[in-house]
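Numbering (UniProt numbering), first residue to last: 1 to 108.
Virtual Cβ for every residue (Gly too), placed ideally from N, Cα, C.
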Amino acid sequence: MCCAIEFIETPLFTRQIQQLATDDELRALQKELIGNPDAGDIIQNTGGLRKIRMATGSQGKSGSARVIYFLATAEIIYLVLAYPKSTKDSLTDAEKAQLKKTSKTTEK
Numbered sequence: 001m002c003c004a005i006e007f008i009e010t011p012l013f014t015r016q017i018q019q020l021a022t023d024d025e026l027r028a029l030q031k032e033l034i035g036n037p038d039a040g041d042i043i044q045n046t047g048g049l050r051k052i053r054m055a056t057g058s059q060g061k062s063g064s065a066r067v068i069y070f071l072a073t074a075e076i077i078y079l080v081l082a083y084p085k086s087t088k089d090s091l092t093d094a095e096k097a098q099l100k101k102t103s104k105t106t107e108k
C-alpha cells in the first residue's frame, strides 16, 4: 500500500473501545482495515457506514465486539461506534438515521 491511512476516533468510540478492547486489539483491527478498508459490511440506510467484527479477549470475532466505521476517503477512516455483540446485535432504525447524519458531516 502506497499511502498511510489516518484513523479518526469519535469521542463516543474512544470511550466505548476503552471498555471493550486492549490497545493491541485495536491496533490489530486498524491493521486489518489498512490491508482491506472495505472489509466491513455496508450498513443499509446509514450513508455508507460499515460494520466489522473485532476479536477481544479470548473470544473470537463472531461473538466478541462490533465496530462501526466510515471510509471517508482512501486515506481517512472514522471509527464511530464500538459495542459488544452480547448486548447489541444490530442497530435500530433511529440509530441508523443518526449515524447517517454523522456520515454526512464527515464527508464535508
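- For residue 84, the uninterrupted beta strand (DSSP E) run begins and ends at 76 to 84, by DSSP.
- Shown here, residue 42 sits in a strand according to DSSP, grouped into three states.
- Taking 8 Å as the cut-off, the Cβ atoms of residue 77 and residue 7 count as close.
- At a Cβ-Cβ threshold of 8 Å, residue 46 and residue 99 count as neighbours.
- For residue 65 against residue 85, the beta-carbon gap comes to about 6 Å, under 8 Å, which counts as contact.
- Distance between residue 19 and residue 26, taken at the CA atoms: about 12 Å.
- In the structure shown, residue 51 adopts extended strand secondary structure according to DSSP, grouped into three states.
- Per the coordinates, the alpha-carbon of residue 93 lies some 26 Å from the alpha-carbon of residue 55.
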